[in-house]
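Notes for the one structure printed next.
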Amino acid sequence: MDQQARNEGLQQDGPAPDRVTSGVVLGFLSFAAFSFSDASVKAIEGALPAYESSFFGALFAFLAMPFLMRPGDRWTDIFATGSRALWLLRFVAYPLGVIGSVIAFTHLPMAEAFALIFLQPAFVTLMSMTFLRERIGIRRWAAVIIGFIGVLIVLRPGLRPLEIGHLGALVAGLGGAVVVITFRAAGPEEKRISLFGAGILGTVVICGLLMVPGFRMPSALQWGFLASYGLLAALANILLMAAAFRAPAVALGPTQYSQMLWAIVLGYLFFGDGVDLPMLVGIALIIGSGLLTLLRERTRGTPLPPPVATGRPASSVALTPEQDD
1 MDQQARNEGL
11 QQDGPAPDRV
21 TSGVVLGFLS
31 FAAFSFSDAS
41 VKAIEGALPA
51 YESSFFGALF
61 AFLAMPFLMR
71 PGDRWTDIFA
81 TGSRALWLLR
91 FVAYPLGVIG
101 SVIAFTHLPM
111 AEAFALIFLQ
121 PAFVTLMSMT
131 FLRERIGIRR
141 WAAVIIGFIG
151 VLIVLRPGLR
161 PLEIGHLGAL
171 VAGLGGAVVV
181 ITFRAAGPEE
191 KRISLFGAGI
201 LGTVVICGLL
211 MVPGFRMPSA
221 LQWGFLASYG
231 LLAALANILL
241 MAAAFRAPAV
251 ALGPTQYSQM
261 LWAIVLGYLF
271 FGDGVDLPML
281 VGIALIIGSG
291 LLTLLRERTR
301 GTPLPPPVAT
311 GRPASSVALT
321 PEQDD
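Under the UniProt record's numbering, residues 1 to 325 are what the sequence shown spells out, in order.
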């Protein structure tokens, strides 16, 4: 067998095991960085409006932009798109998701916020059926139902008060799901810099306009938390994109749920958060729902949803179909 044939055989067999392992490790490191980023914005404790924190987070997110650009890409390609309507939808949905996630982490224990945001795959399934006319089989319906049962267990409506943080978490999940649907509808011909740039630009513009009337100058400590929030998110995006070049999405997808472990640990150590047995049961059901959706859509050949990294446009395009080898 000559060298060309051996190379073709390796390509058919998929990425080398060592390469996949390194990709998965990078995926875990990425979501650890995302978790510390979310802890940073939680540490501000609502002293700044959610849209102000979102604005500065988006500015730092631009640091990940060069890693999305391919040879020949220009900065003006942020505005290039095959569908202006989908571009504008990403422009609006991203900032809504970012603001929702900041509100959720500000007002809820980290684990509870993540649990509700992790309902995103269920929202994606329902939106795929409604807007993309995808056929939803019994297993995907089962995943959706399991996820919503988990949410009911976490929320326990009627037994504990619901607050704005719960609404923020659901808005974050819905915003992320809308963006996933626009990715699928746009197709692989859409440039990654456009997919990423529409959301970041939307967050800067919309949150920037919202914060102008009542702008609060951050204190030195708050500037530190904002820098940590944005820089760690940018680092996490870069790590996740590096992971996506090494490992397929089916291997990276489950690593996002390591955020829940980080949420429990960070919440307990720094914010005094507690997790009771019903919440653990609900979290387990929601995570199981998400994993079932990932595995089922991989089997069907559907482009996998991006990782659930709240308000992180680059993470959403890190595992687009063109990289899912």
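For every residue, glycine included, the Cβ atom is placed at its ideal position computed from N, Cα and C.
Name the DSSP beta bridge partners of residue i, please?
{"i": "P157", "result": "R160"}
Counting along the chain, where does the alpha helix (DSSP H) carrying residue i start and finish?
{"i": "T255", "result": "It is not in any alpha helix (DSSP H) - T255 carries neither H nor E in the DSSP assignment."}
{"i": "K42", "result": "P17 to A43"}
{"i": "V212", "result": "No alpha helix (DSSP H) holds V212; DSSP gives it neither H nor E."}
{"i": "F131", "result": "Q120 to F131"}
{"i": "A111", "result": "M110 to I117"}
{"i": "E190", "result": "Here E190 belongs to no alpha helix (DSSP H), and DSSP marks it neither H nor E."}
{"i": "I136", "result": "Counting along the chain, I136 falls outside any alpha helix (DSSP H), and DSSP gives it neither H nor E."}
{"i": "P95", "result": "R84 to H107"}
{"i": "I78", "result": "First-last for I78: undefined, no H or E at that position."}
{"i": "S219", "result": "Here S219 belongs to no alpha helix (DSSP H), and DSSP marks it neither H nor E."}
{"i": "A61", "result": "A50 to A61"}
Using beta-carbon positions only, say whether residue i and residue j come within less than 9 Å of one another.
{"i": "G165", "j": "F105", "result": "yes"}
{"i": "L132", "j": "A185", "result": "yes"}
{"i": "P278", "j": "V179", "result": "no"}
{"i": "A50", "j": "L116", "result": "no"}
{"i": "R160", "j": "L68", "result": "no"}
{"i": "G175", "j": "G100", "result": "yes"}
{"i": "E52", "j": "C207", "result": "yes"}
{"i": "L152", "j": "G282", "result": "yes"}
{"i": "V102", "j": "A177", "result": "no"}
{"i": "T182", "j": "L89", "result": "yes"}
{"i": "L209", "j": "A39", "result": "no"}
{"i": "A172", "j": "V98", "result": "yes"}
{"i": "A233", "j": "F60", "result": "yes"}
{"i": "S194", "j": "W87", "result": "yes"}
{"i": "S128", "j": "I136", "result": "yes"}
{"i": "L26", "j": "A251", "result": "no"}
{"i": "K42", "j": "F215", "result": "no"}
Tell me which residues share the same chain as residue i and place their Cβ nearer than 6 Å to its Cβ, disregarding the 5 neighbours each side in the sequence.
{"i": "S258", "result": "F28 and F31"}
{"i": "residue 352", "result": "Because the chain is modelled from 1 through 325, residue 352 falls outside the range shown and cannot be assessed."}
{"i": "L292", "result": "A143"}
{"i": "Q120", "result": "G173, G176, A177 and V308"}
{"i": "S37", "result": "Y229, L232 and A233"}
Can you list, in chain order, the residues of its chain whose CB lies under 7 Å from that of residue i, leaving out five sequence neighbours each side?
{"i": "A263", "result": "S35, M110, A111 and F114"}
{"i": "P218", "result": "L48 and L226"}
{"i": "I149", "result": "L285"}
{"i": "M211", "result": "P49, Y51, E52 and F55"}
Once you ignore the five residues that flank residue i on each side, which residues in its own chain have a CB closer than 8 Å to its CB?
{"i": "L189", "result": "The question names Leu, but residue 189 in the sequence shown is Glu. Around E189: G82."}
{"i": "G199", "result": "R90, F91, A93, Y94, P95, V179, P313 and S316"}
{"i": "M260", "result": "A111, F114, A115, F118, I283 and I287"}
Q) Taking three-plus beta-carbon pairs below 8 Å as touching, is the stretch 56–69 in contact with the stretch 238–250? A) yes
Q) Is there contact between the stretch 222–235 and the stretch 71–79, where contact requires at least three CB pairs shorter than 8 Å? A) no
**Q.** At least 3 beta-carbon pairs within less than 8 Å: the stretch 242–257 vs the stretch 43–59
**A.** no
**Q.** Stretch-stretch touch, CB-based, cutoff 8 Å, three pairs: the stretch 128–148 with the stretch 82–96
**A.** Not touching, per the Cβ criterion.
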